[in-house]
Amino acid sequence: MSPTAHPTGSTAAFAVHNDEVLTGEAVALDVQPLGLGLRVVGGLIDAVVGWGLVLLIVGWGLQSLAAGGVLDEATLQIATIVAYVVCFAGIPITVETLTRGRSLGRLAVGGRIVRADGGAVGFRHAFVRGLVGVLEIYLTFGGLALVVAAFTPRGQRLGDLVAGTHSERDRRPPLPAAPPEVPPALAAWARVADVARLPDRTDQRIARFAAGAHRMDPAVRARLAAELVREAAPFVSPQPAAPDEAALAAIAAVRRARERQALLSENARAEALARRGA
Numbered sequence: 129m130s131p132t133a134h135p136t137g138s139t140a141a142f143a144v145h146n147d148e149v150l151t152g153e154a155v156a157l158d159v160q161p162l163g164l165g166l167r168v169v170g171g172l173i174d175a176v177v178g179w180g181l182v183l184l185i186v187g188w189g190l191q192s193l194a195a196g197g198v199l200d201e202a203t204l205q206i207a208t209i210v211a212y213v214v215c216f217a218g219i220p221i222t223v224e225t226l227t228r229g230r231s232l233g234r235l236a237v238g239g240r241i242v243r244a245d246g247g248a249v250g251f252r253h254a255f256v257r258g259l260v261g262v263l264e265i266y267l268t269f270g271g272l273a274l275v276v277a278a279f280t281p282r283g284q285r286l287g288d289l290v291a292g293t294h295s296e297r298d299r300r301p302p303l304p305a306a307p308p309e310v311p312p313a314l315a316a317w318a319r320v321a322d323v324a325r326l327p328d329r330t331d332q333r334i335a336r337f338a339a340g341a342h343r344m345d346p347a348v349r350a351r352l353a354a355e356l357v358r359e360a361a362p363f364v365s366p367q368p369a370a371p372d373e374a375a376l377a378a379i380a381a382v383r384r385a386r387e388r389q390a391l392l393s394e395n396a397r398a399e400a401l402a403r404r405g406a
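My numbering puts the first residue of the sequence shown at 129, with every later residue one more than the last.
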């Protein structure tokens, strides 16, 4: 689903409906939550490579100190408990706070933890997620987190629900290439034309026609251009007064320009939200 922005008349602070986030400016952003499978993979990377590896190193160091007589048994037990707390809660909270919702595992799968309104998380959100994560991830081996995430629309685990956060795709699709130019003869038409979103099948056929028209037999090319103009006609007003191929080029150019502008506007709003939350 391509990200789009939809102005609304609501003045609510924010709301979430499926993949749509309504910001404080009453602008609905179409976002893509990270899938449950990718969240599991990212969590495993964090648990095994990050916190697990650190815990092994710290545990080995403590055992070495105890074997050398530096630490007695009671001190070793206290240090071990502290090491567990630091590795399973302290490190995740610190990393998530400093990186604004990212971690090693999330970087690998292209995800990021954000607030319900799409802004960057802070210490409070990371602290709540970290504490609840000890219960739902480490004490239940991830079972509680998986069960809760499987029954929430955005794949939120219990810590997300309590902290008011969710995992979002951090790798946005690239902007489409610069739109084709409107034929000069239709420049005046393009300034007043209303081109609605075309059905996916029609849009794809027009794109394929534009890419391969020069290789077609002239008769087939003319017939296909006329057919595509008829398919697009209900979504275009007024109709371009030009040969079919020129009309198709103008319709595609106007539509691509508007889609590109919508993506630019959505990206600008998302970046502004992230800056305000930083």
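The C-beta atom is built at its ideal place from N, Cα and C for all residues, glycine as well.
Residue i versus residue j - alpha carbon distance
{"i": "THR222", "j": "ILE206", "result": "22 Å"}
{"i": "GLY180", "j": "LEU204", "result": "19 Å"}
{"i": "ARG358", "j": "LEU162", "result": "39 Å"}
{"i": "THR268", "j": "ALA400", "result": "38 Å"}
{"i": "GLY261", "j": "ILE209", "result": "17 Å"}
{"i": "ALA370", "j": "VAL348", "result": "19 Å"}
{"i": "ALA273", "j": "ILE265", "result": "6 Å"}
{"i": "SER231", "j": "ALA195", "result": "34 Å"}
{"i": "VAL311", "j": "VAL323", "result": "Inspection of the sequence shows that residue 311 is occupied by Pro rather than by Val. Approximately 16 Å between the Cα atoms of the pair."}
{"i": "LEU319", "j": "ALA396", "result": "At residue 319 the sequence reads Arg, which differs from the Leu that was named. If I take the Cα positions, the gap works out to 24 Å."}
{"i": "VAL168", "j": "LEU199", "result": "38 Å"}
{"i": "TRP188", "j": "ILE173", "result": "21 Å"}
{"i": "GLU394", "j": "LEU193", "result": "55 Å"}
Residue from the options with nearest C-alpha to residue i
{"i": "ALA381", "options": "LEU314, HIS294 and SER295", "result": "LEU314"}
{"i": "ARG388", "options": "ARG325, GLY283 and ALA370", "result": "ARG325"}
{"i": "LEU263", "options": "LEU376, LEU286 and ARG252", "result": "LEU286"}
{"i": "ALA175", "options": "ARG228, GLY218, GLY233 and GLY165", "result": "GLY233"}
{"i": "VAL290", "options": "GLU296, ASP322, ARG319 and PHE255", "result": "PHE255"}
{"i": "ALA321", "options": "GLY340, ASP298, PRO368 and PHE337", "result": "PRO368"}
{"i": "THR293", "options": "ARG240, LEU164, ARG336 and VAL364", "result": "ARG240"}
{"i": "ALA398", "options": "PHE279, ASP245 and GLY250", "result": "ASP245"}
{"i": "VAL237", "options": "GLN160, GLU309, VAL182 and GLY170", "result": "GLY170"}
{"i": "GLY178", "options": "VAL276, GLY283, GLU224 and GLN284", "result": "GLU224"}
Per-residue burial, residue i [other beta carbons within 10 Å of its own, 16 or more giving buried]
{"i": "PHE216", "result": "buried"}
{"i": "VAL149", "result": "At VAL149 the pLDDT is 48, less than 50, meaning the model places this residue with poor confidence; the figure from the coordinates comes in the next sentence. Buried: at least 16 other Cβ atoms inside 10 Å."}
{"i": "TRP317", "result": "buried"}
{"i": "ILE185", "result": "exposed"}
{"i": "ARG343", "result": "exposed"}
{"i": "GLN332", "result": "exposed"}
{"i": "PHE337", "result": "buried"}
{"i": "SER365", "result": "exposed"}
Neighbourhood of residue i by C-beta, 6 Å cutoff - its chain only, sequence neighbours within 5 removed
{"i": "PRO220", "result": "GLY258"}
{"i": "VAL213", "result": "none"}
{"i": "HIS253", "result": "ALA291 and THR293"}
Bridge partner(s) assigned by DSSP for residue i
{"i": "ALA248", "result": "VAL242"}
{"i": "GLU387", "result": "Bridge partners of GLU387: none, in fact."}
{"i": "PRO161", "result": "GLU296"}
{"i": "ASP322", "result": "SER365"}
Cβ-based neighbour list, residue i, same chain, cut-off 8 Å, excluding 5 preceding and 5 following
{"i": "ILE334", "result": "LEU326, LEU356, ALA360, LEU376, ILE379 and ALA380"}
{"i": "ARG386", "result": "VAL323"}
{"i": "PHE251", "result": "ILE221 and THR225"}
Residue i: CB within 7 Å of a non-hydrogen atom of the ligand FMN
{"i": "GLY196", "result": "This structure lacks the ligand FMN, and indeed carries no ligand of any kind."}
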